[in-house]
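To keep things clear, I will list the structure first and then write my remarks on it.
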């Protein structure tokens, strides 16, 4: 199947009519280019090893994994021999021999590494980390600048690799929610720098890779709709799961996917592209003195009106230090200038609980043009929601369980951008969506194994999907759900459906914790401790343990309780309990979908 160029060149290539995809041809041609010289003969005169490259990803929602596979495709096309590794599966003893490393990682929670990056992150930051002289690297971070620990995990990897003696070939890039341009620049610079150095490494031939050439990225036969082109779906149903009297508003949202090629599995997330609140848009126009009809550059580089840009193109809520610093040049307000001059403590105090409308109102400014205003704003990013339905139970539909965020601070009513956008939609409205796969958060592949699910509040979402999936597929494994919320009378989400699943022996155990029902607050981790013996027995039977919900408190409390149960019931030391749970993680039996 190999073809040869005319005599003037001697590099064999894969012809267009060969039975390979475009990506496979690119990978194979890149490899052949590394093996063959251009001396004018059809056989390699002098073997020049292709540059081996290890690409490691730490991913919580799938973006870092997708970019790692895309990076491998580009690297292979340029003559590298690239291997993609989930950080959890990366053989740590290779650190001493791998000479070219690209790290792509997100950060989640309060500056923590993604679950699959925990072990490698811990090793590298420990005293047991190997010296890495002779290795070359670059780091790409994925994050959200609205959070105080923006790209913390990527920064820690970058700093520590250098401390261990590795050479940084290009500066780390810390991407915000809109990462396409920054990623492209980082990729070009990193591959360019790595290709000009020493090609020594572990192999001169393609090694067994985590991703085969055809898997490195979406092929031409991939989905029409995705992050760059969301599907305009129709809202089928939208109702409040909480009963009257609740302090919460949790919406059950049903969206029709018919007419798209979007497919999902239980455990995946749905990305929703929201619109900003029209009232807030009007308040910003009033504060800045613009009519809204001014022409500006939209987030997709098209020309749109300022009102449209503020409604559907840019984030007009999230306030950060960069916005304040840029805004100060227009406002030139003494109070704002003093705050910025006095350092982070004063700025952080002002940022807490405030949005962009606050400085616009507190420190009025006159913008020379509407373009100056939108030039300071971030693009409006899609929001990810854990899917709460199984496609087997609801073909052509996707369901979400969304907690509507509404509160008041500093004398102003506030709204969650996407949660209230969804909550306020009506039947027949259009919502732009795409599927974000999460292949690391799935029901057990062996349907006979037990499943323990801890999902308070909206954390129940993927577990409703898991239970529907197990029911529809006739899985024989036992299922145990821990659910909690404030009051049983008002906040027992999906109570009727859960009762039906119990009656059908699909849900074998249901333990609830309603924190406001009694004077003594009770949480899901308390119910775990009360049932410690049986919970540990389920784990010993091969059970998978899942957690979904708040990362900052609940997930940590649940993790602490799990360690205690393994220690006490399993009669293990604290070190042995840590090793036991680390093994659960390594075996993909302790999985989290936390935010």
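Residue numbers (UniProt numbering): 1 to 595.
Where a beta carbon is used, it is the ideal one built from N, C-alpha and C, also for glycine.
Given the structure is predicted, the values throughout are model-derived calculations rather than measurements.
Taking residue i as part of the beta strand (DSSP E), name the residues at either end of that continuous run.
i           : result
residue 452 : 451-454
residue 548 : 544-549
residue 298 : Run containing residue 298: none; DSSP gives neither H nor E here.
residue 107 : Counting along the chain, residue 107 falls outside any beta strand (DSSP E), and DSSP gives it neither H nor E.
residue 54  : 51-58
residue 232 : 231-240
So the candidates are the options; which of them puts its Cα closest to the Cα of residue i?
i           : options            : result
residue 456 : 437, 544, 550, 382 : 550
residue 396 : 56, 147, 260, 195  : 260
residue 247 : 487, 338, 479      : 487
residue 363 : 530, 337, 238, 491 : 337
residue 160 : 146, 129, 54, 150  : 129
residue 117 : 516, 176, 89       : 89
residue 501 : 478, 523, 513, 518 : 478
residue 238 : 411, 445, 255      : 255
residue 313 : 347, 379, 325, 339 : 379
residue 373 : 437, 399, 406, 294 : 294
residue 559 : 148, 531, 525      : 525
residue 121 : 74, 58, 67, 173    : 58
residue 589 : 406, 465, 450, 576 : 450
residue 301 : 371, 325, 244      : 371
residue 173 : 163, 166, 184      : 184
residue 566 : 555, 554, 583, 553 : 583
residue 606 : 367, 318, 368      : Because residue 606 is not part of the residues shown, which for the chain are 1 to 595, the question remains open.
residue 474 : 299, 178, 443, 320 : 443
residue 249 : 406, 103, 169, 144 : 406
residue 119 : 357, 137, 86       : 86
Would you mind giving the Cβ-Cβ distance between residue i and residue j, rounded to the nearest angstrom? I have them listed as a contact below 8 Å.
i           : j           : result
residue 546 : residue 387 : About 14 Å separates the two Cβ atoms, so there is no contact after all.
residue 287 : residue 361 : 5 Å
Looking only at its own chain, which residues have a Cβ that is under 7 Å from the Cβ of residue i, when we skip the five neighbours before and after it?
i           : result
residue 310 : 276, 281, 284, 316
residue 327 : 359, 365, 376
residue 499 : none
residue 333 : 363
residue 215 : Caution is warranted here: a pLDDT of 32 is assigned to residue 215, below 50, making its placement in the model unreliable, and the coordinate value is therefore given only provisionally. Only 69 meet the Cβ criterion.
residue 60  : 106, 108, 114, 115
residue 421 : 274, 275
Identify the continuous alpha helix (DSSP H) that holds residue i and give its terminal residues.
i           : result
residue 67  : 63-77
residue 155 : 152-163
residue 119 : 118-124
residue 279 : 278-288
residue 566 : 554-570
residue 346 : 344-351
residue 92  : Per DSSP, residue 92 belongs to no alpha helix (DSSP H) and is neither H nor E.
residue 146 : First-last for residue 146: undefined, no H or E at that position.
residue 327 : 321-331
residue 337 : 334-341
residue 579 : 574-586
residue 598 : Because the chain in this structure spans residues 1 to 595, residue 598 falls outside the shown range and cannot be described.
To which residues of the same chain is residue i closer than 6 Å at the C-beta, ignoring the five residues directly before and after it?
i           : result
residue 423 : 251, 404
residue 273 : 230, 382, 432
residue 202 : Confidence at residue 202 is low in this model, with a pLDDT of 39, below 50, so the placement of that residue should be treated as unreliable; the coordinate-derived value is given next. Excluding sequence neighbours, residue 202 sits near 52, 97.
residue 557 : 525
Between residue i and the rest of its own chain, which residues show a CB-CB distance below 8 Å, the 5 nearest in sequence each way excluded?
i           : result
residue 409 : 353, 354
residue 428 : 234, 235
residue 563 : 574, 577, 578, 581
residue 132 : 95, 96, 161, 164, 165, 166
Hey, does residue i have any beta-carbon neighbour from chain C nearer than 8 Å?
i           : result
residue 251 : You won't find chain C in this structure, because it holds only one protein chain.
| 3 or more residues per run - each beta strand (DSSP E) lying fully within the region 366-398 | You should have 383-386.
| query | Which full runs of the alpha helix (DSSP H) of 4+ residues lie inside the region 171-200, going along the chain? | reply | Listed in chain order, the complete alpha helix (DSSP H) runs (minimum 4 residues) inside the region 171-200 are 180-195.
| query | In chain order, which continuous runs of the alpha helix (DSSP H) of length 4 or greater are located wholly inside the region 443-527? | reply | As far as the region 443-527 is concerned, its whole alpha helix (DSSP H) runs of at least 4 residues are 461-473, 488-491, 495-503.
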